[in-house]
Amino acid sequence: MTRSSGTIVAGECRPEGRDAGKGLRKGLLRTALLLLSLSAVVSSAATLAALQLSTATRPQLSPSEQGSYTIATFLGSWTPETVSTPSHGDYVVGPTGSYATVQAAVNAAITAGGTTRKFIEIQSGTYTGLVVVPSGVPLTIYGDSETGVVLQLNGHSVMTGPELLAAIGDSADFGSSAPAKVSAYYNDCTTRAALGTNCTATVISYASNLELKNLTISNSYADDDPNADGQNQAVAYLNNGGDEVILDTVRLTSHQDTLWLNGIGKRTYLHNCYVAGDVDFIFGDMIGVFDTCEIEYLTNRTTTGSITAPSHPAANTGFLFSGGSFTCTGATDSVYLGRQWPQNGASTGQTIIREVNLGAHIRSAAPWKQWDSTHPIDYGATGNWRLAEYGNTGPGAVTP
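Here the sequence shown stands for residues 502 to 901, where the numbers follow the numbering used here.
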């Protein structure tokens, strides 16, 4: 049978010689080089797109930069554990528990001492009063229901000490038998002519390794006080120097200054949390990582405030929002992502927002605001961005 050159007849095979192997290797090499080229083109296109989206007043991290601004890089050597809670706590607060107030349970746990973690369970209900968590025994304080367990206090910065005393109500938990830090804070704040910001907190903690889970902490000032016009600070939760603190599925509500994270280099990790407010309501100089949290801007008093007020020194890590959403009802293109509070002498605080769904309330062209004329915005630069975004979505985000 005759056949044209290069045709394989049924039953005939090509010889498996050296030349055939060379051809296969060359083909694979060409394919690999093509894939690498395509990858480089895609990477370059992504970098170019990011650079084109970035503006002087709204910096965007490039794909090559974003790896330096992750949950892991912000938390450093600490990997937060999953907060586990028993079905019945060591100390139970509530109608059928052994303690009527959260502070009484905290006092008992701290006084008992030891190094083993203790669990304070809070049964469903609204608990009005002050909670001070001093250093000592590692504690996990958890509720039976995220929205059904509410710790609340009506306190604001221009309130007097006696007025705070009346708002707290029960003084029995703050006497001489209480842990020293508890009674000292209470005695200081309830005798002031004006509270100032740090005495307004519903819950203040000094403890490292503290875990809060499945509850609501609220400063009810703006809701309870008809004279609340947005000018007075009212903190819901203040972490005052505790390191490696976890908030898991916790709701924090107030208006101005809802969440204060105070302590350079210390770390707080918030997972699946909800934080609501309207003026500088996430602020301070501590490292704060918000992992898949909802940050809601409230509009019943103002629609032009700032969400964050970071005050970190230029060499220190600050706030990171990773995933989750920034939400709002009733505002469009009017709310600032933040302004840098010069608490430590300069406006260098850090807020990085990445892969978050941003609502239409966020200002589109210039979402960062200067504190005042003597403290201009410091955006930072490559290697140390202080205010920047990456990969955000939604109507308030920068998109191609």
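The beta carbon of each residue, even a glycine, is placed where N, CA and C say it ideally should be.
- Annotation: the continuous beta strand (DSSP E) that includes residue 783 extends over 783 to 785.
- DSSP, read as helix, strand or coil, puts residue 767 in coil.
- Distance from the Cα of residue 616 is smallest, within the candidate group 629, 640 and 606, for 640.
- By the Cβ-count criterion, residue 689 is exposed, with fewer than 16 other Cβ atoms from all chains shown falling within 10 Å of its own Cβ.
- In this structure, residue 741 lies near residue 706, with their beta-carbon atoms less than 8 angstroms apart.
- Ranking 856, 847 and 608 by CA distance to the CA of residue 680 puts 608 first.
- Between residue 888 and residue 839 the beta-carbon gap is near 7 angstroms, inside 8 angstroms, which marks them as a contact.
- DSSP, reduced to helix, strand and coil, places residue 794 outside both helices and strands of the structure shown, so it counts as coil.
- Note: residue 871 is not bridge-paired with any residue in the DSSP secondary-structure output.
- Membership of residue 669 in the alpha helix (DSSP H) is indicated by the continuous run 662 to 669.
- Between residue 856 and residue 564, the alpha-carbon positions lie close to 12 angstroms from each other.
- Around the CB of residue 599, fewer than 16 other CB atoms lie within 10 Å, so the residue is classed as exposed.
- A Cβ-Cβ contact shorter than 8 angstroms links residue 594 with residue 602.
- Inter-segment contact for the stretch 781 to 792 and the stretch 763 to 773 is present: three or more beta-carbon pairs are separated by less than 8 angstroms.
- The shortest CA-to-CA distance from residue 700 to any of 654, 676 and 713 is the one to 654.
- Around the Cβ of residue 745, a 10 Å sphere holds 16 or more other Cβ atoms; the residue is buried.
- Across the set 835, 824, 604 and 819, the C-alpha of 819 shows the shortest separation from the C-alpha of residue 841.
- Between the stretch 567 to 574 and the stretch 641 to 648, the count of C-beta pairs closer than 8 angstroms stays below three; the two stretches do not touch.
- Taking the CA atoms as reference points, residue 611 sits about 22 angstroms from residue 596.
- The alpha-carbon of residue 696 is positioned some 43 angstroms away from that of residue 566.
- Per DSSP, reduced to three states, the secondary structure at residue 845 is coil, with no helix or strand assignment.
- Short of 6 angstroms from the beta carbon of residue 583, and not among the five residues preceding or following it, lies no beta carbon of its own chain.
- Counting along the chain, the unbroken alpha helix (DSSP H) around residue 690 starts and ends at 681 to 690.
- Counting along the chain, the unbroken beta strand (DSSP E) around residue 827 starts and ends at 826 to 829.
- A straight line joining the alpha-carbon of residue 865 with that of residue 858 spans about 14 angstroms.
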